[in-house]
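Position 33, counted from 1, in the sequence shown is what the working numbering calls 33; the numbers after and before it change by one each time, with no gaps.
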Amino acid sequence: MQKATQQALYIPPHKLAAAKNSGGRSDDEAYQRLAWEALKKSINGLINKVNSSNIGNVIPELFAEDLIRGAGLLCRSCLRSQMASPCFTDVFAAVIAVVNSRIPEIGELLLKRIVWQLNKSLRCNDKPRLLALAKFVAHLVNQRVAHHTLALELLHRLLENPSDDGVELAVAFLTECGALLHDLSPRGLAACFDRLRDVLHEGEIDKRVQFLIEGLFAIRKANFRGYPAIRPELDLLEDDQQITHDVSLDDSGVDPENSLRFEELGHKLLSLNIAPGQELEICRMLVEACAQEKTYNRIYGLVAQRLSMIRLAYRANFERCFAEQYSTSHRLETNKLRNVATLFAHLIATDALPWDVLGYVRLTEEDTNSSSRIFVKYLFQEMTEQLGIRKLNERLTENAAVLGDSIFPKDSTRNARFSINFFTQIGLGGLTEGMREHLKEMERVAKEDREKKLGGSDSESEVEESSSDDEGRDRKRRRRKSDGRDRKRSRRG
Numbered sequence: 001m002q003k004a005t006q007q008a009l010y011i012p013p014h015k016l017a018a019a020k021n022s023g024g025r026s027d028d029e030a031y032q033r034l035a036w037e038a039l040k041k042s043i044n045g046l047i048n049k050v051n052s053s054n055i056g057n058v059i060p061e062l063f064a065e066d067l068i069r070g071a072g073l074l075c076r077s078c079l080r081s082q083m084a085s086p087c088f089t090d091v092f093a094a095v096i097a098v099v100n101s102r103i104p105e106i107g108e109l110l111l112k113r114i115v116w117q118l119n120k121s122l123r124c125n126d127k128p129r130l131l132a133l134a135k136f137v138a139h140l141v142n143q144r145v146a147h148h149t150l151a152l153e154l155l156h157r158l159l160e161n162p163s164d165d166g167v168e169l170a171v172a173f174l175t176e177c178g179a180l181l182h183d184l185s186p187r188g189l190a191a192c193f194d195r196l197r198d199v200l201h202e203g204e205i206d207k208r209v210q211f212l213i214e215g216l217f218a219i220r221k222a223n224f225r226g227y228p229a230i231r232p233e234l235d236l237l238e239d240d241q242q243i244t245h246d247v248s249l250d251d252s253g254v255d256p257e258n259s260l261r262f263e264e265l266g267h268k269l270l271s272l273n274i275a276p277g278q279e280l281e282i283c284r285m286l287v288e289a290c291a292q293e294k295t296y297n298r299i300y301g302l303v304a305q306r307l308s309m310i311r312l313a314y315r316a317n318f319e320r321c322f323a324e325q326y327s328t329s330h331r332l333e334t335n336k337l338r339n340v341a342t343l344f345a346h347l348i349a350t351d352a353l354p355w356d357v358l359g360y361v362r363l364t365e366e367d368t369n370s371s372s373r374i375f376v377k378y379l380f381q382e383m384t385e386q387l388g389i390r391k392l393n394e395r396l397t398e399n400a401a402v403l404g405d406s407i408f409p410k411d412s413t414r415n416a417r418f419s420i421n422f423f424t425q426i427g428l429g430g431l432t433e434g435m436r437e438h439l440k441e442m443e444r445v446a447k448e449d450r451e452k453k454l455g456g457s458d459s460e461s462e463v464e465e466s467s468s469d470d471e472g473r474d475r476k477r478r479r480r481k482s483d484g485r486d487r488k489r490s491r492r493g
């Protein structure tokens with residue numbers, strides 16, 4: 001916690017300038033932290049202020065920074081700024097194009113990050129993020145930073161199984177980079193328009209999307225007039241100056257070295273002469289090593305998955321580790337919680353662990369604390385990223401019998417409402433549709449029971465009132481008879 005606080009510490013400008021001019025040791029930790037914060041602040045400031053009119057002045061200032069060291073900072077700043085202001089996408093692409101001509105590693109790094117986020121967003125069907133990322137890809141293709149085959153590959157992915165969102169995204173993408181594809185790959189562009197024509201004739205998509213397709217055909221008929229690949233003020237490089245990277249959507253982002261290490265680690269662990277009953281120590285070692293990492297390292301998930309799928313003893317012991325980690329989650333820091341939850345989410349999503357391990361989680365206000373709720377949050381968010389919310393919902397429905405009332409308790413409206421609110425707050429409200437219907441049914445039954453009780457009490461009060469009226473009339477009759485007898489006696493006397 002202290003380290004994280006130091007990293008996020010605000011550094012006054014005068015202290016920052018003093019540290020730069022002090023001539024201190026460059027390997028000093030405090031100096032390095034100051035220099036890193038200064039570099040990040042400078043790059044973010046330049047990217048935030050760049051536009052089509054001042055790009056010629058901003059780029060020299062950008063090259064004055066240590067871009068070799070700050071390559072990741074530059075890519076992250078561009079992605080965040082582009083996501084926040086998609087209207088400046090062509091400006092950010094022009095900046096990256098110039099930087100890529102001098103430092104190609106930065107252009108390649110940015111493309112790999114965009115491809116990774118694209119695949120993630122396609123799995124999760126995150127439409128706003130997809131629209132922004134696709135627009136960035138289109139302008140990077142226009143600037144020749146990315147090869148035009150990446151554009152055709154993305155279009156094929158979107159139109160292979162057309163949906164309303166996919167077709168809308170393809171139309172927006174072609175509007176941005178159609179002019180370039182018309183020059184570089186007319187056959188590929190024609191194939192895309194043929195596919196769009198088929199989709200239009202099938203008539204299975206929304207009317208609004210059909211109008212978008214018709215508008216795109218009109219733009220194509222006008223030879224993309226009004227939609228140039230590069231605006232004149234952003235055309236800063238000659239064709240022979242640009243370096244184009246051939247990146248594919250199928251690049252999974254897995255480091256070959258890490259993949260080899262994963263295979264070797266799994267083989268070596270399985271080759272150890274471990275006495276029966278000692279597998280639990282191996283499982284605990286992997287979980288603890290994963291927790292100690294600054295960020296989640298997927299090699300631990302791959303090794304654990306391999307062990308669990310080959311030997312049932314490891315599968316059972318990882319299940320035991322899940323129960324231990326969840327029950328002691330209050331002892332873990334947030335970063336460790338995230339790593340451990342991500343590891344087990346990978347094992348569950350890949351069926352290396354049975355889904356009934358989720359039965360250890362009783363998602364009610366009384367049975368959870370802040371740490372365990374954070375654990376469950378990271379667990380389900382990671383499973384959603386790997387499977388997609390639709391597939392995850394299907395798997396939870398398939399395993400509803402073994403899960404029982406753990407994740408979605410149905411014993412009371414209070415617990416059901418708590419579970420629904422929890423998933424809604426972490427952005428996974430789509431998992432609670434069935435639970436919402438059950439909650440409505442529970443509330444309806446409870447309301448009917450209350451009405452029956454009220455109706456029964458009303459009838460009892462009416463019976464009591466009628467009986468009291470009868471008793472009153474009887475008393476009056478007896479009183480009148482006694483009064484008549486008294487009057488007769490007085491006359492005789």
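Every residue gets a Cβ at the ideal spot worked out from N, C-alpha and C, and that includes glycine. Keep in mind the model is a prediction, meaning the values are calculated, not measured.
For ILE374, the enclosing alpha helix (DSSP H) begins and ends at 370–387. In the structure shown, ALA352 falls within a coil segment according to DSSP collapsed to helix, strand and coil.
A straight line joining the alpha-carbon of GLU324 with that of ASN273 spans about 26 Å. Residue pairing for ALA146: DSSP places it in a beta bridge opposite HIS245. Judged by DSSP in its simplified three-state form, GLY404 adopts coil rather than helix or strand. In this structure, ARG102 is the residue among ASP164, ARG102 and LEU133 with its C-alpha nearest to the C-alpha of ILE243. Collapsing the DSSP output to three states places TYR326 in a helix. Straight through space, the alpha carbons of GLU160 and VAL171 are spaced by roughly 14 Å. Here THR424 has THR432 as same chain residues with Cβ atoms under 7 Å from its own Cβ, once five neighbours each way along the sequence are excluded. Nearest to LEU181 by C-alpha distance, out of LEU196, ALA151 and LEU332, is ALA151. Burial check for LEU454: the Cβ neighbour count within 10 Å stays below 16, so the residue is exposed. For ARG76, the closest of ASN54, SER248 and ASN48 by C-alpha to C-alpha distance is ASN48.
In this structure, DSSP gives PRO409 a state outside helix and strand, which the three-state scheme calls coil. In the three-state reduction of the DSSP assignment, THR175 falls in the helix class, which pools H, G and I. Within a 10 Å sphere around the beta-carbon of GLU319 sit 16 or more other beta-carbons, which makes this residue buried. Looking from the CA of ARG373, the closest CA among GLY166, ILE59, ARG338 and LEU249 belongs to ARG338. For ALA304, the enclosing alpha helix (DSSP H) stretches over residues 298–310.
Note that the C-beta distance between LEU343 and TYR300 is below 8 Å. Under the DSSP assignment, GLU214 falls in the alpha helix (DSSP H) whose first and last residues are 207–221. In the three-state DSSP reduction, THR295 falls in the coil class, being neither helix nor strand. Around ASN399, the same chain offers TRP355 as residues with beta carbons nearer than 6 Å, after the five sequence neighbours per side are excluded. Note that the C-beta distance between LEU332 and VAL340 is below 8 Å. Between ALA146 and the set LEU216, VAL199 and VAL115, the nearest pair of CA atoms involves VAL115.
Annotation: LEU236 to LYS41 spans about 26 Å, alpha carbon to alpha carbon.
Going by DSSP, ALA71 is part of the alpha helix (DSSP H) stretching over 71–84. The beta carbons of LEU439 and ILE420 sit about 7 Å from each other, so the pair counts as a contact at 8 Å. Of the residues assessed, LYS294 falls on the exposed side of the cut-off, its CB having fewer than 16 other CB atoms within 10 angstroms.
Cβ-Cβ distances below 7 Å link ASP206 to ASP164 in the same chain, with the five nearest sequence neighbours on each side left out; the list follows chain order.
The C-beta distance from PHE173 to LEU155 rounds to 7 Å, short enough to meet the 8 Å contact threshold. Rounded to whole angstroms, the separation of the alpha carbons of LYS410 and ARG436 is 11 Å. If the five residues before and after CYS283 are omitted, its C-beta is found closer than 7 Å to the C-beta atoms of TYR314, ASN317, PHE318 and CYS321, all from its own chain and listed in chain order. Taking each of ARG231, ARG414, ALA64 and LEU396 in turn and checking the Cα distance to ASN142, the smallest one comes out for ARG231. Remark: fewer than three beta-carbon pairs, one from each stretch, lie closer than 8 Å, so the region 387–394 and the region 440–447 are not flagged as touching. DSSP places ASP194 inside the alpha helix (DSSP H), whose first and last residues are 186–202.
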